[in-house]
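When we follow our numbering, the leftmost residue of the sequence shown carries the number 170, and every step to the right adds one.
Glycine included, every Cβ here is placed at the ideal spot set by N, Cα and C.
A short write-up of the structure that comes next.
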Amino acid sequence: MYRQKVFRAALVAAVAAAVVTGCGPQDSGAAGASGGGAGASSSPSQDDKGGATPSASPSGSASDPASPSASASASADKPLMAEGTENEQVRELQARLRQLDYFKRSPTGFYGSMTATAVKGFQTKRQLTVTGSVDQGTWDKLLGMTHEPTADELTPPTTNELDKPDARCLTGRVMCISKESRTLAWMIDGKVQLAFDVRFGSENTPTREGQFNVEWKAKEWTSTLFHTPMPYAMFFSRGQAVHYSADFAARGYAGASHGCVNVRDKVKLSQLFDQVKVGDKVVVYW
């Protein structure tokens, strides 16, 4: 009898300890369901938001780095968009800047130096802090001065406007390829003969930058590595080539190449293929 009483007392104490340390089914179940995603945090501030575990520190103190107000302040200071950002919000930013004549090309969705320059121009004119990146204040001001971009403004049917050619493109016969504007300009002695929208490799399979020469050409070719068609291929750097891409024609910038320079205008590319000779220069630059 005495042993049963001792056992029951120990059991009650163990249950009480489990409740105090947060080992109940709700905590373990919530952590398992989150799978490490948003909300799967064991920090006091996350527990406070969920209301599952009382916080040991006072809440609402600006000096407390774990408090919600401190977190909100840190988020407010972080730019929404800056050089290197690539997403659909950047495309919208560029379309809105274009409405005000700050961005003078078709939106690409990539935040490069030209986008930063356009943002600086807008910030200077509106007496905002000039950083070249977009914080919440800059974004709110731009939203208030522009209308929601139409589908044609976001993805114009016309060819991207050409970037200023690299100095290496100004002499001889050269395919001048800008990663900034996502364009290819076929130039002879500094004059543009043909121009194209182009797409490049992903972060894992980047298109190499530099000056090259056309090594060989193939009107019909299938990749020996990826087994995909590469019509009108003009090879310039260890397997990388300018070529037509049916995927680019269908999906646009939603996809990427394996490192080649994709063209989506097959008819015009066939004209370029006929003009380009082995040995012609290729320049890929930002």
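- request: Count the other CB atoms, across all protein chains shown, that sit within 10 Å of the CB of Phe395; report buried if there are 16 or more and exposed otherwise.
  value: Burial state of Phe395 is exposed, judged by a 10 Å Cβ sphere holding fewer than 16 other Cβ atoms.
task: Report back the beta-carbon spacing between Leu323 and Arg260 to the nearest angstrom; my notes put them in contact at under 8 Å.
output: Here Leu323 really is in contact with Arg260; their C-beta atoms are around 6 Å apart, less than 8 Å.
- prompt: Within the chosen definition, does the segment 345-353 reach the segment 277-286 through at least 3 CB pairs nearer than 8 Å?
  reply: Inter-segment contact for the segment 345-353 and the segment 277-286 is present: three or more beta-carbon pairs are separated by less than 8 Å.
field: Separation of Leu339 from Trp455, as counted between CA atoms
entry: Each residue's Cα considered, the two are about 16 Å apart.
query: Alpha carbon to alpha carbon, how far is Asp449 from Ala419?
result: Straight-line Cα distance between these residues: approximately 29 Å.
Per-residue DSSP class, three states only, for Lys450: In this structure, Lys450 counts as strand in the three-state DSSP scheme.
field: DSSP three-state assignment for Gly379, whether helix, strand or coil
entry: Three-state DSSP puts Gly379 in a strand.
task: Please go through the same chain and pick out, in chain order, the residues whose beta-carbon is closer than 7 Å to the beta-carbon of Thr298, but skip the five residues on each side of it.
output: For Thr298, same chain residues with a beta-carbon under 7 Å away, outside a window of 5 residues either side, are Gln292 in chain order.
Backbone CA spacing between Ser333 and Cys345 [nearest angstrom]: Strictly speaking, residue 333 in this sequence is Lys, with Ser absent from that position. Their Cα atoms are separated by approximately 10 Å.
query: Counting along the chain, where does the alpha helix (DSSP H) carrying Arg295 start and finish?
result: First-last for Arg295: undefined, no H or E at that position.
- prompt: With a CB to CB cut of under 8 Å and the five nearest residues on each side skipped, what residues in its chain are close to Pro375?
  reply: Answer for Pro375: Phe369 and Gly428, listed in chain order.
- prompt: So, is Gln263 buried or exposed, given that buried needs 16 or more other C-beta atoms within 10 angstroms?
  reply: Counting Cβ neighbours within 10 Å, Gln263 comes out buried, since at least 16 surround it.
- request: Note down the Cα distance separating Pro398 from Gly424, rounded to an integer number of angstroms.
  value: When rounded, the distance between both Cα atoms is 16 Å.
- prompt: Taking DSSP as the reference, what is the three-state secondary structure of Glu372?
  reply: Reduced to three states, the DSSP call for Glu372 is coil.
task: Alpha carbon to alpha carbon, how far is Val452 from Ala336? Give it in angstroms, no decimals.
output: The straight-line gap from Cα to Cα measures roughly 10 Å.
- prompt: Name the DSSP beta bridge partners of Glu389, please?
  reply: None, per the DSSP bridge assignment.
- prompt: How would you label Ser371, buried or exposed, when you count the other beta carbons within 10 angstroms and need 16 or more for buried?
  reply: By the neighbour-count rule (16 or more Cβ atoms within 10 Å), Ser371 is not buried but exposed.
- prompt: Leaving out the 5 sequence neighbours to the left and right, which residues in its chain are closer than 7 Å to Tyr413 when beta-carbon positions are compared?
  reply: Residues of the same chain with a CB within less than 7 Å of the CB of Tyr413, apart from the 5 flanking positions on each side, are Pro400, Tyr401, Val432, Lys435 and Leu438 in chain order.
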